[in-house]
Amino acid sequence: MADPFAVTNQAPPLRGVNFFTRDAALGDALRPYADLTGDPDLHRIGELAGSEEALSHALPANQNPPILRTHDRYGNRIDEVEFHPSWHWLMEQAVGFGLQAAPWTSERPSPHLTRAAGFYLWSQVEPGHGCPISMTYAAVPALRADEQLAKEWIPQLASTQYDVRRLPAAAKNGVLAGMGMTEKQGGSDVRANLTTATPAGDVYQLNGHKWFCSAPQVDLFLVLAQAPDGLSCFVVPRVLADGNRNPFALQRLKDKVGNRSNASSEVEFHGTIGYRLGDEGAGVRTIIEMVAATRLDCVLGSAALQRRALVEAIWHTRHRSAFGGLLADKPAMQNVLADLAIESEAATALGMRLAAAVDSSDPKEAAFRRIALPLAKFWVCKRTPFMVAEALECLGGNGYVEESGLPLLYRESPLNSIWEGSGNVNALDVLRALRRPESLEAWLTEMAAVQGADARLDAAVNDVLQALADIENAEAGARRLAARMALCLQASLLIRHSTPAVADAFVASRLAGDWGGVFGTLPRTTPFEQIVERTIG
């Protein structure tokens, strides 16, 4: 007699999969810029990311969110954040891999591209701890505005040792960075900031608040405040050189929809010491270097969420039977999986193209970054919640249960579209970039590389050029324009570097209109199995 309690028709755990070697789309996205196929670091990250050990830390880090400790038992302010051991394990690995700031001091070829691939792979384990990793990476280009501050901080930021001790930077093995820009009354309009910075000899004293202070447990922050000559950028250490704590009053941690493993805080400054970075009045221009780098990580992080959700959907449907056969063999499900796969691959291809541009010193690549970053940030991050929701649905009720890991991805999925400029902010930034002739030229160069290869893409490019004829009155249509330009850019990359099946399905659905607006409505002639098989092998 059959055991009525035997478990059948359930997918086995997804374990022991090397996330790097099994990702053909990532390999194709990297290959045009560098041969990283045999890169030992990426192999190591991919192997650990798919291991039992790594995946066992993802849920505990989120189920045990950080705790704010404002005072010690004697009533002294300590303003510390307590994390679960799984958080520290994840951070130790990320820093050890050099995903925070090591590329800025590396002498290896293509350091930023390699780091982007590693960040993409490791973010598939648990995305929340990527915030301080990303902030640290992004702080370096901004710090270069001051030679002395750069010399003092960058070597420590680039260290691959994770050191949580609350000590002066010079006494630590490595440091991490955060950022404080937005305030209650301003939000994205940082020029409305009210925090003041008063000169006091070689330093400034900051007084005010920050409504969102990213990663409050780290060692230094880039902060915007109003100096006598206007909004300026400051380096604010948590511990001063003499060992005393800089006044840094944490008021509370944000109770967020997702990103629960990571601490986001509200902070008040009371005579807090800051070191001016860049000229007075040039705060936005100085910190924009940090914003640009974090926008890249928003794209990479969203691509990672898409990829992990896709892999979970394919894995489940290949092991779950219904209506007389495996779910993955059903034509309707094959359409969904193939549609999710091309969405994920397009996001990956665009993210790696942007990272490769960071490695280049060519001014044309700088112009490409200026236009492609807000395009990618707008579109890839905006698409991710839809994609993750569809992947979750592939698991049905199993995907709605916390222990599946899909709810973690789902709650995280809107985040990157909000942080570092929401959809409207980035769409309008696209318009600002287009007012620079070199930015439009950079986008057109990408289109010219495939001109004539697909008439449907050529037609879409012409549509964009017609819309640009009235750029001065384009604000109401900024989102439509940004979406179209991003899709053209993704199509160009897939035509050049992916398989014909993937490129054709993407162009037919996203640009030519042979698509129902929801996932799983690709043309019936699409080679679904071929596309899905390529995704995970």
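Numbered per our numbering, the sequence shown finishes at 716, counting up by one with no gaps.
Backbone N, C-alpha and C define an ideal beta-carbon position, used for all residues, glycine too.
Predicted, not measured: the structure shown is a model, and the values here were computed from it.
In the structure shown, the three-state DSSP call for W622 is helix. Taking the C-beta atoms as reference points, T473 is found nearer than 9 Å to A317. The beta carbon of E544 sits closer than 7 Å to those of A536, all from its chain and outside the five residues before and after it, given in chain order. Contact check for A665 and W598: beta-carbon distance about 18 Å, past the 8 Å limit, so the pair fails to qualify. In the assembly as shown, T187 is an exposed residue. Its beta-carbon has fewer than 16 other beta-carbons within 10 Å. Sequence-distant Cβ neighbours of R658 in its own chain, meaning closer than 6 Å and more than five residues away, are A606. Secondary structure of A442 (DSSP, three-state): coil. DSSP places T200 in no alpha helix (DSSP H); its state is neither H nor E. T249 counts as exposed, since fewer than 16 other beta carbons sit within 10 angstroms of its beta carbon. Pairwise C-beta distances place the region 518-533 in contact with the region 673-682, as three or more of them are shorter than 8 Å. With contact defined as three or more Cβ pairs closer than 8 Å, the region 468-483 and the region 614-622 are not in contact. Residue nearest to V478 within the set Q279, S540 and L554 is L554 (criterion: CA-CA distance).
E271 has its alpha-carbon roughly 39 Å from the corresponding atom of E708. Between the region 296-304 and the region 423-433 there are fewer than three C-beta pairs closer than 8 Å, too few to call the two in contact. As the crow flies, the alpha-carbon of A492 is around 44 Å from that of E651.
The Cβ atoms of G357 and V397 lie closer than 9 Å to each other.
A direct Cα-Cα distance of roughly 51 Å separates P192 from N386. Between the C-alpha atoms of S677 and W332 there is a straight-line separation of about 40 Å. By the C-beta criterion, the region 270-284 is judged to be in contact with the region 308-315, since at least 3 inter-stretch pairs fall below 8 Å. The closest CA to that of A634, considering only L690, Y579, R614 and R663, is found on L690. In the three-state DSSP reduction, K351 falls in the coil class, being neither helix nor strand. Per DSSP, Y316 lies in no beta strand (DSSP E); the unbroken alpha helix (DSSP H) holding it starts and ends at G309 to L322.
Burial is judged here by how many other beta carbons sit within 10 angstroms of a residue's own beta carbon; Y253 has fewer than 16 and is exposed. Where G297 is concerned, the enclosing alpha helix (DSSP H) starts and stops at P290 to W301.
Where Q630 is concerned, there is no enclosing alpha helix (DSSP H), because DSSP gives it neither an H nor an E. Nearest to M566 by alpha-carbon distance, out of P245, L552 and R590, is R590. Here DSSP, grouped into helix, strand and coil, assigns W390 to strand. The closest CA to that of R487, considering only S235, G217 and A228, is found on A228. In the three-state DSSP reduction, D258 falls in the strand class (E or B).
In terms of Cβ geometry, L410 and N438 do not form a close pair [threshold 9 Å]. In the three-state scheme derived from DSSP, where H, G and I count as helix and E and B as strand, I597 is classed as coil.
Separation of the CB atoms of A404 and F413 is rounded to 6 Å, and the pair is thereby assigned contact status at 8 Å. Per DSSP, P542 has no beta bridge partner at all. Within the DSSP bridge table, the entry for L336 names no partner.
Scanning its chain for C-beta atoms nearer than 7 Å, with the 5 sequence neighbours on each side dropped, one finds around I521 the residues V681, A684, F685 and I710, in chain order. L701 sits buried, since 16 or more C-beta atoms from the chains shown fall within 10 Å of its C-beta.
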